[in-house]
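Counting the sequence shown from 1 gives a position; this note's numbering is that position plus 42.
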Amino acid sequence: MFLRRGFCKAACFALLLGWMLHPAKAAVVGVLYPKVRPPYEGVFMSIIQGLEEQPSLKVKTYPLPRDYDIKDIRAWMEREGIDALVVLGQRGVKAAKALSPSVPVVASGVLLTPQENGAITAGISLAVDPEKLFRTLRTLAPQVERVFVVYHPAYNNWLIQKAEEVARREGLTLEGHPARSLKEAVEAYRRIFERARPGRDALWLPFDSTTVNDRVILPLVLEASWERYLVVFSSNPAHVQKGALFALYPDNEALGRRLGKMVLDLLGGRLHTHRILFLEDVKLAVNLRVAEHLGLGLDKLKRASVDMIFPLE
Numbered sequence: 043m044f045l046r047r048g049f050c051k052a053a054c055f056a057l058l059l060g061w062m063l064h065p066a067k068a069a070v071v072g073v074l075y076p077k078v079r080p081p082y083e084g085v086f087m088s089i090i091q092g093l094e095e096q097p098s099l100k101v102k103t104y105p106l107p108r109d110y111d112i113k114d115i116r117a118w119m120e121r122e123g124i125d126a127l128v129v130l131g132q133r134g135v136k137a138a139k140a141l142s143p144s145v146p147v148v149a150s151g152v153l154l155t156p157q158e159n160g161a162i163t164a165g166i167s168l169a170v171d172p173e174k175l176f177r178t179l180r181t182l183a184p185q186v187e188r189v190f191v192v193y194h195p196a197y198n199n200w201l202i203q204k205a206e207e208v209a210r211r212e213g214l215t216l217e218g219h220p221a222r223s224l225k226e227a228v229e230a231y232r233r234i235f236e237r238a239r240p241g242r243d244a245l246w247l248p249f250d251s252t253t254v255n256d257r258v259i260l261p262l263v264l265e266a267s268w269e270r271y272l273v274v275f276s277s278n279p280a281h282v283q284k285g286a287l288f289a290l291y292p293d294n295e296a297l298g299r300r301l302g303k304m305v306l307d308l309l310g311g312r313l314h315t316h317r318i319l320f321l322e323d324v325k326l327a328v329n330l331r332v333a334e335h336l337g338l339g340l341d342k343l344k345r346a347s348v349d350m351i352f353p354l355e
């Protein structure tokens, strides 16, 4: 009996020692990201840093110049023994579609939809999960009853569908206005401001280059909202600096960690392919001047959860 127990202990120790001396081979993940200047480069570096925190991954990076060559990328993948790709930004996604690689491709750092073609295996869109947005709205401006949003249906229809479900659960009314051009968007905002109720309505600015044009629409929207005491929230902290009440924006390191887990789940067969998720790893920016203008009492507890405050102190 004692000999048998001793043998079992010795065998287990030998297995453990073998695992320590020869651990499981880390999966090699290649990262394609746009080659850009600081400070924009810092966004991608933070995502990559989050990826590198996953010990089961060996990260190899490939910055993409504007005139990248697909043949060079293929040669690099072969040389490095890439098991999966993480592609960041519009340039990274475009390169992946041209590559049509045989390895899984996870995309982020860009607005994605479930209709992405077969080159993208899975990904996390820059579109913030509506549940995060509406819960933050409920916390900062609990008196709001109705939310307006102007959106391009070709890019954000799936976002609005999810938002409608969340709004009902949160006791909010979501009123969406589809617009396929800048002209249609301006007209939609005009109709909204004619009906907006001070303090009780809010305006959501999603990621949408057509309906949230920074040069034409944003200044008009922020000025009209200030005059009408209308809450404006966004997914871009630059909008908060200019006059929106709050924005939820990417926590890039946390996003990188989640992308790393997604890669491992794909390689391990634990994640369905062609799955695009909303962004859940976010930080909060708040404009205190706008909050005071709207008569919102942001107590110390609420301030403690804020990552960026405007105006800058």
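Every residue gets a Cβ at the ideal spot worked out from N, C-alpha and C, and that includes glycine.
Practice task
Compute the distance between the beta-carbons of residue 272 and residue 243, then report whether it is under 7 angstroms.
Solution key: yes
Practice task
Return yes when the Cβ of residue 201 is within less than 7 angstroms of the Cβ of residue 209, no when it is not.
Solution key: no
Problem - Reduced DSSP secondary structure (H/G/I, E/B, other) of residue 102 - result: strand
Exercise for the section: Taking the CB atoms as reference points, tell me whether residue 149 and residue 135 lie closer together than 7 angstroms. Expected result: yes
Problem - residue 101 beta carbon less than 7 angstroms from that of residue 94 - result: yes
Problem - Span of the alpha helix (DSSP H) around residue 29 - result: No information on residue 29 is available, as it lies outside the stretch 43 to 355 that the chain covers here.
Practice task
Use the C-beta contact count for residue 347: other C-beta atoms within 10 angstroms, 16 or more gives buried, fewer gives exposed.
Solution key: exposed
Exercise for the section: Return helix, strand or coil for residue 140, following the three-state DSSP convention. Expected result: helix
Handout entry: Integer Cβ distance of residue 328 from residue 146, believed to fall under 8 angstroms
Key = Not really, about 38 angstroms apart at Cβ, beyond 8 angstroms.
Handout entry: Nearest candidate by alpha-carbon position, reference residue 313, set 175, 277, 164 and 260
Key = 164
Problem - Cβ shell of residue 178 (< 8 angstroms), same chain only, five flanking positions each side left out - result: 275, 288, 290 and 326
Exercise for the section: Alpha carbon to alpha carbon, how far is residue 323 from residue 212? Give it in angstroms, no decimals. Expected result: 20 angstroms
Exercise for the section: Taking 7 angstroms as the cut-off, decide whether the C-beta atoms of residue 84 and residue 295 are in contact. Expected result: no
Problem - Backbone secondary structure at residue 318 - three-state DSSP - result: strand
Practice task
Within the region 170-232, note down every full alpha helix (DSSP H) run reaching 4 residues or more, in order along the chain.
Solution key: 172-182 and 195-211
Handout entry: Through-space distance from residue 351 to residue 98, alpha-carbon basis
Key = 36 angstroms
Problem - Cβ distance (whole Å) where residue 258 is taken to contact residue 230 below 8 angstroms - result: The Cβ separation is near 13 angstroms, so there is no contact.
Problem - Close beta carbons around residue 238, own chain, < 6 angstroms, minus the five adjacent residues each side - result: 270 and 272
Exercise for the section: Would you mind giving the Cβ-Cβ distance between residue 214 and residue 190, rounded to the nearest angstrom? I have them listed as a contact below 8 angstroms. Expected result: With 8 angstroms as the limit, residue 214 and residue 190 do not qualify as a contact, their Cβ atoms being about 11 angstroms apart.
Handout entry: Whole-angstrom distance between residue 241 and residue 187, CA atom to CA atom
Key = 9 angstroms
Exercise for the section: Please check the pair residue 142 and residue 161, which I expect to be a contact at CB under 8 angstroms, by giving their CB distance rounded to whole angstroms. Expected result: 6 angstroms
Exercise for the section: Classify residue 158 as buried or exposed, calling it buried when 16 or more other Cβ atoms lie within 10 Å of its own Cβ. Expected result: buried
Exercise for the section: May I have the straight-line CA-CA distance separating residue 301 from residue 76, to the nearest angstrom? Expected result: 17 angstroms
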